[in-house]
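Trainee: After the structure tokens below, expect a handful of questions from me.
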Amino acid sequence: MALFHLSRIIGIRIGLYKKMSKSSNSNGITLIELVIAMFIAGIVSIAIFAAFKSQQKSYLIQNQVAEMQQNLRATMDIIARDIRMAGFGFKAGRIAYWDGNGNANIDAFSIFNNNPDRIDLVYADASVTTSISAPMPNPSAIFKVDSTTGFEPNDLVIITDGDNTTLVQITHKNAFASTLQHNPSSPVNPPGGNNTIFPDGGYGIGNKLYKLKYMSYDIDRSDPDHPTLRVDPDGPVGAGAYQPLADNIEDLQVIIIFADGHEANTYDDTDGDNTNDYDKIRSIRISILARTDRQDPDFNGQRPAIEDHAGGDPDHYRRRLLSSIIRVRNLGL
């Protein structure tokens with residue numbers, strides 16, 4: 000009887016132990032399971048981080064490309080507008096002026112093949128104009144005009160009678176007396192008033208004065224990592240200085256298209272062959288190359304050859320090239 004009770008007690012305890020062991024195993028995790036879980040979590044984290052980095056890089060590249068394309072389009076629009084206006088307000092697209100030594104001419108359109116090129120564009124500002132209201136004595140440096148509104152000292156102005164056009168720089172304005180002076184203190188004003196570069200007898204009543212637009216565009220490469228398109232709104236004869244216009248513009252190339260269809264990177268009136276002359280300019284092909292602000296190590300690029308400018312060395316910039324043929328409306332009329 001006692002033996003029966005002892006075996007029963009032992010059986011109950013063994014069953015209870017098994018139950019507890021089973022319960023303990025089902026509610027816990029092993030070290031191997033923990034390591035596997037950490038490994039999977041690490042892989043997921045790496046995948047998430049890689050996806051984030053990829054999206055971030057793609058976002059940065061898209062932003063740089065978008066900014067590059069905006070700069071490119073805006074630059075082309077600005078220069079194209081000035082090319083179309085070049086020569087407006089004066090006959091034959093040429094202006095007489097004093098270069099410090101004697102009479103000289105400024106062309107409405109000039110190219111300097113510097114690779115990148117420089118382009119100078121000259122035209123009258125129709126929004127700032129007036130007329131001579133009294134005859135000018137031959138040695139005079141004073142214009143008596145209908146209005147001085149819009150004109151200021153240091154402004155470049157042109158005077159035209161329809162056949163002759165002359166450039167001077169305003170040195171003094173008297174709004175009360177309605178006069179504009181062009182004294183010899185400016186390097187572009189002739190000594191002795193108007194008797195050196197003005198037509199005989201000077202300019203008369205009704206002849207027009209315009210404020211001059213003299214836009215000079217080139218690329219500043221002083222910082223090779225950030226080439227900048229810049230503009231001098233007073234040109235090389237004015238008192239102004241170059242100002243930045245668009246960042247990361249790498250190349251500017253200009254080609255002239257003449258009346259006979261011939262193309263060249265300049266014009267020449269001195270060779271006597273009656274080809275590639277200034278008065279035969281009809282259109283301009285302008286090419287502008289922009290690049291991203293930063294290099295992408297995963298991208299292989301190279302500055303392409305454009306017109307007469309050879310290509311560059313391999314690098315990691317993305318680029319866009321925009322070319323346009325623009326009719327020069329005020330030359331060859």
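Numbering that gives the first Met the number 0 puts the first residue of the sequence shown at 0, with every later residue one more than the last. Heads up, the beta-carbon is just placed ideally off N, CA and C, and yes, glycines get one too.
1. In this structure, does DSSP put E151 in helix, strand or coil?
2. In the DSSP output, what is Y122 paired with across the bridge?
3. Helix, strand or coil: which one does DSSP assign to N70?
4. Need the endpoints of the beta strand (DSSP E) that L330 sits in, please.
5. Just to confirm the assignment: which complete beta strand (DSSP E) runs, minimum length 3, are found wholly within the segment 233-279?
6. What are the partner residues of D217, as DSSP defines its beta bridges?
7. Please name the residue or residues paired with H171 in a DSSP beta bridge.
8. If the criterion is Cβ atoms closer than 8 Å, does the pair Q115 and I218 meet it?
9. Starting from I105, follow its DSSP beta bridges and name the residues at the other end.
10. For R83, which of helix, strand or coil comes out of DSSP?
11. What is the DSSP secondary structure of T29, counted as helix, strand or coil?
12. Counting C-beta neighbours from all protein chains within 10 Å, is the total for F48 16 or more, i.e. buried, or is it exposed?
13. Quick check on the DSSP output: the beta strand (DSSP E) that includes R302 runs from which residue to which?
14. Does the beta-carbon distance from I204 to S146 come in below 8 Å?
15. Compute the beta-carbon to beta-carbon distance between I157 and A123, rounded to the nearest angstrom, for a pair I have assumed lies under 8 Å.
16. Apply the 10 Å Cβ neighbour rule to R334 and answer buried if 16 or more other Cβ atoms are within range, or exposed otherwise.
17. Of all the options A73, I39, S323, which has the alpha carbon lying nearest to the alpha carbon of I254?
18. Determine the DSSP secondary structure at A140, reduced to helix, strand or coil.
19. Could you tell me which residues DSSP pairs with V156 in its beta bridges?
20. Tell me the DSSP secondary structure of D314 in three-state form.
21. For N62, collect the residues of the same chain with a Cβ closer than 8 Å to its Cβ; drop the 5 residues on either side in sequence, then sort them by chain order.
Mentor: The relevant details are as follows:
1. coil
2. K212
3. helix
4. Careful: L330 lies outside any beta strand (DSSP E) and carries neither H nor E.
5. 242-246, 248-257
6. R229
7. Q180
8. In the sequence on display, residue 115 carries Pro and not Gln. Yes, these two residues count as a Cβ contact at 8 Å.
9. I94
10. helix
11. coil
12. exposed
13. Where R302 is concerned, there is no enclosing beta strand (DSSP E), given that its DSSP letter is neither H nor E.
14. no
15. 6 Å
16. Missing from the structure shown is residue 334; the chain here goes from 0 to 332 and no further.
17. S323
18. coil
19. V167, K210
20. strand
21. none
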